[in-house]
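Engineer: Mind looking over this structure? Questions follow.
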Amino acid sequence: MGVFNCQLYNNLGLCCFYAQQYDMTLSSFERALALVSSDEEQADVWYNLGHIAVGIGDLTLAYQCFKLALAFNNNHGEAYNNLAELELRKGRIEQAKAFLQTAASLSPHMYEPHFNFATLSDKVGDLQSSYTAAQKSEDAFPEHVDTQQILKNLRQHFATL
304 MGVFNCQLYN
314 NLGLCCFYAQ
324 QYDMTLSSFE
334 RALALVSSDE
344 EQADVWYNLG
354 HIAVGIGDLT
364 LAYQCFKLAL
374 AFNNNHGEAY
384 NNLAELELRK
394 GRIEQAKAFL
404 QTAASLSPHM
414 YEPHFNFATL
424 SDKVGDLQSS
434 YTAAQKSEDA
444 FPEHVDTQQI
454 LKNLRQHFAT
464 L
């Protein structure tokens, strides 16, 4: 095949999973792990394996994979965001908030942690925090329809006060 490295097999593993080539998915990730040359690469492989675990419905494995991603790269904002989503599914709101705030501070360019924090804050009745987070989400991704909907609802709510 010529040149091959961790990133190649990491991406190939994802492609195989999404193409429903499940027999090749695991072997691609095994090769990616065998070819890891840095902690950042190791974190990315575990992060992608976490996505696979979510895709097959194994949320316990997903949680472990995202935690492993953070063990290798504690600045992995995407992993914090996904851990927050898993914590939210377990009903651990404060832990989810903490993970979302960490994700947002590590990766301010991402809209997801801001949007997720806005949604969570809205659900618990913290409308000011929801509005602030939704504005940050809009700054990162102005065309995001769900962010626009939250902002619209919050503006209507604030106008009635």
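Take 304 as the starting number for the sequence shown in the numbering used here and just add one per residue. Think of the CB as a built atom: it goes at the ideal place given N, C-alpha and C, for glycine as much as any other residue.
Would you kindly report the start and end of the unbroken alpha helix (DSSP H) that includes Phe-369?
Structural biologist: Unbroken alpha helix (DSSP H) run through Phe-369: 362-375.
Engineer: What are the boundary residues of the alpha helix (DSSP H) that Pro-411 is part of?
Structural biologist: Where Pro-411 is concerned, there is no enclosing alpha helix (DSSP H), given that its DSSP letter is neither H nor E.
Engineer: Leaving out five residues on either side along the sequence, give the residues of the same chain with a beta carbon under 6 Å from the beta carbon of Pro-416.
Structural biologist: Within the same chain, Pro-416 has close Cβ partners Asn-384, Leu-403, Ala-406, Ala-407.
Engineer: Is Asp-425 buried or exposed, if buried means 16 or more other CB atoms sit within 10 Å of its CB?
Structural biologist: With 16 or more other Cβ atoms within 10 Å, it is buried.
Engineer: I'd like to know if Thr-405 contacts chain C, where contact means its C-beta is closer than 7 Å to some C-beta of that chain.
Structural biologist: Here chain C cannot be found, since the structure has a single protein chain.
Engineer: How many Å lie between Gln-324 and Phe-420 at the Cα?
Structural biologist: Whole-angstrom Cα-Cα distance: 35 Å.
Engineer: Terminal residues of the continuous alpha helix (DSSP H) containing Val-348?
Structural biologist: Here the alpha helix (DSSP H) through Val-348 covers 342-359.
Engineer: Going by CA-CA distance only, name the one from Leu-430, Leu-391, Glu-343 that's closest to Ala-462.
Structural biologist: Nearest option by C-alpha distance: Leu-430.
Engineer: Let me confirm a value: Gly-353 is counted as buried when at least 16 other C-beta atoms fall within 10 Å, else exposed. Which label applies?
Structural biologist: The residue in question, Gly-353, is buried, as its Cβ has 16 or more Cβ neighbours within 10 Å.
Engineer: Between which two residues does the alpha helix (DSSP H) harbouring Val-448 extend?
Structural biologist: From DSSP, the alpha helix (DSSP H) with Val-448 extends over 448-463.
Engineer: My guess is that Tyr-350 and Ala-382 are in contact by the Cβ rule of under 8 Å, so how many angstroms apart are they, rounded?
Structural biologist: Confirmed, Cβ separation roughly 5 Å.
Engineer: Measure the Cβ-Cβ separation of Val-348 and Ala-365 and say whether it is below 7 Å.
Structural biologist: No, these two residues do not count as a Cβ contact at 7 Å.
Engineer: DSSP three-state call for Asn-308: helix, strand or coil?
Structural biologist: Of the three classes helix, strand and coil, the one that applies to Asn-308 here is coil, per DSSP.
Engineer: I need the straight-line Cα distance from Tyr-434 to Glu-441, nearest angstrom please.
Structural biologist: In a straight line, the C-alpha of Tyr-434 is about 10 Å away from that of Glu-441.
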